[in-house]
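Once you know that position 199 of the sequence shown is 198 in numbering that gives the first Met the number 0, the rest is easy, because the numbers rise by one and skip nothing.
C-beta: ideal position from N, C-alpha, C; glycine also.
This one's a predicted model, so the numbers in the text were calculated from it and none came from an experiment.
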Amino acid sequence: MAKGWIFAFVTVKSWNPCEDERSAKVIDASGCVVMPGGVDVHAHIAGGKVNAGRLFRPEDGRRGLEPKRGVCKPCSGYSVPNTYATGYRYARMGYTFVMEPAMPPLTARHTHEELVDTPILDNAAMPLLDNNWMTLQYVKEKNIDMLAAYIAWMIKATRGYGVKIVNPGGTEAWGWAKNCGLEDAVPHWDVTPAEIIRALAEANERFEMPHSIHVHGNMLGHPGNFETTLKTFDVVKGIKPSKERQVMHATHVQFFCYGGTTWRDFESKASEIADYVNKNEHITIDLGSVILGDTTTMTADGPMEYTLHKLTGRKWTNHDVELETGAGIVPFLYSGKNAVHSIQWTIGQELALLVKDPWKVVLTTDHPNAGPFIGYPILISTLMSKKRRDEVLNEIHPAVFERSTLASIDRELDFYEIAIITRASSAKILGLHEHGKGHLGAGADADVAIYDISPEERDASRIQKAFLNAKYTIKGGEIVVKDGEIVATPEGRTIYVEPECPEELMNEMMPDLERMFKEYYSVSLANYPVQDAYTPHPYVIKAPMRG
Ligand SMILES: [Zn+2]
Numbered sequence: 000m001a002k003g004w005i006f007a008f009v010t011v012k013s014w015n016p017c018e019d020e021r022s023a024k025v026i027d028a029s030g031c032v033v034m035p036g037g038v039d040v041h042a043h044i045a046g047g048k049v050n051a052g053r054l055f056r057p058e059d060g061r062r063g064l065e066p067k068r069g070v071c072k073p074c075s076g077y078s079v080p081n082t083y084a085t086g087y088r089y090a091r092m093g094y095t096f097v098m099e100p101a102m103p104p105l106t107a108r109h110t111h112e113e114l115v116d117t118p119i120l121d122n123a124a125m126p127l128l129d130n131n132w133m134t135l136q137y138v139k140e141k142n143i144d145m146l147a148a149y150i151a152w153m154i155k156a157t158r159g160y161g162v163k164i165v166n167p168g169g170t171e172a173w174g175w176a177k178n179c180g181l182e183d184a185v186p187h188w189d190v191t192p193a194e195i196i197r198a199l200a201e202a203n204e205r206f207e208m209p210h211s212i213h214v215h216g217n218m219l220g221h222p223g224n225f226e227t228t229l230k231t232f233d234v235v236k237g238i239k240p241s242k243e244r245q246v247m248h249a250t251h252v253q254f255f256c257y258g259g260t261t262w263r264d265f266e267s268k269a270s271e272i273a274d275y276v277n278k279n280e281h282i283t284i285d286l287g288s289v290i291l292g293d294t295t296t297m298t299a300d301g302p303m304e305y306t307l308h309k310l311t312g313r314k315w316t317n318h319d320v321e322l323e324t325g326a327g328i329v330p331f332l333y334s335g336k337n338a339v340h341s342i343q344w345t346i347g348q349e350l351a352l353l354v355k356d357p358w359k360v361v362l363t364t365d366h367p368n369a370g371p372f373i374g375y376p377i378l379i380s381t382l383m384s385k386k387r388r389d390e391v392l393n394e395i396h397p398a399v400f401e402r403s404t405l406a407s408i409d410r411e412l413d414f415y416e417i418a419i420i421t422r423a424s425s426a427k428i429l430g431l432h433e434h435g436k437g438h439l440g441a442g443a444d445a446d447v448a449i450y451d452i453s454p455e456e457r458d459a460s461r462i463q464k465a466f467l468n469a470k471y472t473i474k475g476g477e478i479v480v481k482d483g484e485i486v487a488t489p490e491g492r493t494i495y496v497e498p499e500c501p502e503e504l505m506n507e508m509m510p511d512l513e514r515m516f517k518e519y520y521s522v523s524l525a526n527y528p529v530q531d532a533y534t535p536h537p538y539v540i541k542a543p544m545r546g
């Protein structure tokens, strides 16, 4: 990346090449930090469980109340904000794209309705495809051709972006009050999570998909799970990607870096995981970094939420999506007085600092699971300042000095590295760099964030403040944020992928799907696919079958 783009005059111009350049508005951004619009690779912002979270936590809704003001509609919520607050808060931080990473296929319409209702941001959503009965059947039969046809049909039908995997086999097992380790057989199916992950990766790579499989593995949040994590990474080793990218994106890896045998001897194993990522090219990760304070956890990993409910005694809700997936929700407080939470806080930071190549890492909090996205500027400030990290370490539980390596890490990220882990690497990992996101080169979308801070600045508080409220955010050539205030609220685009499956393969798969709908689904096949009305501003990426 050229040094020049940090000090820049920014010409604001729409993407229409016919427009007269003399009419373009010129913004003087000298002395500021200029970056492409932020790209969030993984945040739960829309759909059934997010909405259930809003209803489930009225106390959270009251925390973010803002009345209708200027061009802005009323806002509510802190860890589960309403759709308006989600759009405005991201835009104020300079973000212009967010990926909703867990769309139950059966309720794709609701997810798209909320995404359309979220102002400013371009968006996409990944359907959950790992606990579906059709997937389990084809994995059992070792029929990758049919699995490829099935995922192609599902991604197209749901207007989804790629293959999401959450506790493969474990969420299906949860229907029988059980969970699954990586090598355990899923009840009644006789397949293992490892087989599901590998088969879905192989099926995904049959197409030139922009993104790899996106994996929340097994045993999330369990002490000692780092060994399962390393084995999960190994499962897809040797599979050739259909494009120049990773074969597996492992998400919110903080929750998968745990050593120890119980919560008493719980410790960080971030260095082992970072070491693996450093030595291998087939894996990329996002952090799932903890923000200390109150939040709401929500995931398709139903058994994990039940464990959390038993552990904390806080309220719990669970939902099953027929034949496909499920979800659970539990409120949570990450406390600096608690040894485990404090160590969890260090792990996200360790991962970001120990993985040497920033193109393999994305800054996330698995919003809202490890903390709300509005905390990103706090994380940016600690990753850029050893001094700020030391201050936090001295305030939280002293176990962090014995059971984490964070105190011994001197590395401070610079603005270039922050630009990579908050937009460039996420766009590359999602395959969106070819579609205008995450860069300012030729062909880039006119999505730009200007932060009112000197590129020389190292003061953590000033860095945090600048990244919370951009001086300007420009979305598709339009100024949407000026001096931290929302000034325009254009509608975002829905980006989705259409895998192109040969007709004969599709025709071979369809009778199985028709039978599944006829015998088990409560809706008919004809009523299942999402119609045009749900994506009023579509941007379609074709994924041809690999030659
Ligand atoms: Zn997640």
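Under 8 Å between the Cβ atoms of residue i and residue j?
| i | j | result |
| --- | --- | --- |
| Asp444 | Cys31 | no |
| Glu497 | Val539 | yes |
| Thr85 | Thr110 | no |
| Pro543 | Glu207 | yes |
| Phe372 | Asp39 | yes |
| Tyr333 | Gly374 | no |
| Val190 | Leu135 | yes |
| Gln245 | Ile377 | no |
| Asp129 | Leu199 | yes |
| Met297 | Val49 | yes |
| Pro192 | Pro167 | yes |
| Gly325 | Trp315 | no |
| Ile290 | Thr364 | yes |
| Met218 | Gly174 | no |
Are there 16 or more other CB atoms within 10 angstroms of the CB of residue i, so buried, or fewer, so exposed?
| i | result |
| --- | --- |
| Asp285 | buried |
| Arg205 | buried |
| Glu349 | buried |
| Val70 | exposed |
| Pro537 | exposed |
| His432 | buried |
| Lys155 | buried |
| Pro397 | exposed |
| His366 | buried |
| Ser407 | exposed |
| Thr547 | Past the edges of the chain, shown from 0 to 546, lies residue 547, and the structure says nothing about it. |
| Pro35 | buried |
| Tyr160 | buried |
| Lys517 | exposed |
| Tyr519 | exposed |
| Asp27 | exposed |
| Ser521 | exposed |
| Leu512 | buried |
Output the boundary residues of the alpha helix (DSSP H) element that contains residue i.
| i | result |
| --- | --- |
| Thr231 | Phe225 to Val234 |
| Thr261 | Per DSSP, Thr261 belongs to no alpha helix (DSSP H) and is neither H nor E. |
| Phe55 | Gly47 to Phe55 |
| Val115 | Ala107 to Asp116 |
| Glu194 | Pro192 to Asn203 |
| Asn506 | Glu502 to Glu518 |
| Asp144 | Ile143 to Thr157 |
| His281 | Unbroken run through His281: none, as it is neither H nor E. |
| Thr134 | Trp132 to Lys139 |
| Ile379 | Tyr375 to Met383 |
| Val339 | Ala338 to Leu353 |
So residue i is in the beta strand (DSSP E); what residue range does that whole segment cover?
| i | result |
| --- | --- |
| Gly292 | Gly292 to Thr298 |
| Thr488 | Looking at the DSSP string, Thr488 is not in any beta strand (DSSP E), and its letter there is neither H nor E. |
| Val496 | Thr493 to Glu499 |
| Tyr450 | Val447 to Tyr450 |
| Tyr305 | Taken as a continuous stretch (DSSP letters only), Tyr305 belongs to no beta strand (DSSP E), being part of the alpha helix (DSSP H) at Gly301 to Thr311. |
| Glu99 | Tyr94 to Met102 |
| His318 | Thr316 to Val320 |
| Glu416 | Run containing Glu416: none in the beta strand (DSSP E); it sits in the alpha helix (DSSP H), Phe414 to Ala418. |
| Phe331 | Thr324 to Tyr333 |
| Thr472 | Tyr471 to Lys474 |
| Gly37 | Gly37 to Asp39 |
| Ile164 | Lys163 to Val165 |
My assumption, with CB atoms under 8 Å, is that residue i sits in contact with residue j. Please give the rounded CB distance.
| i | j | result |
| --- | --- | --- |
| Pro302 | Arg313 | Pro302 to Arg313, Cβ: 16 Å. No contact. |
| Gly216 | Thr228 | 6 Å |
| Ser288 | Leu362 | 7 Å |
| Gly52 | His318 | No, Gly52 and His318 are not in contact; Cβ-Cβ is about 11 Å, not under 8 Å. |
| Arg457 | Ser384 | 7 Å |
| Leu127 | Ala101 | 6 Å |
Does the count of Cβ pairs from the segment 268–281 and the segment 353–367 closer than 8 Å reach three?
-> yes
Determine, using beta-carbon pairs with one atom in the segment 144–158 and one in the segment 488–503, whether at least three such pairs fall under 8 Å.
-> yes
The segment 239–253 in contact with the segment 273–284 per 3-pair CB rule at 8 Å | yes
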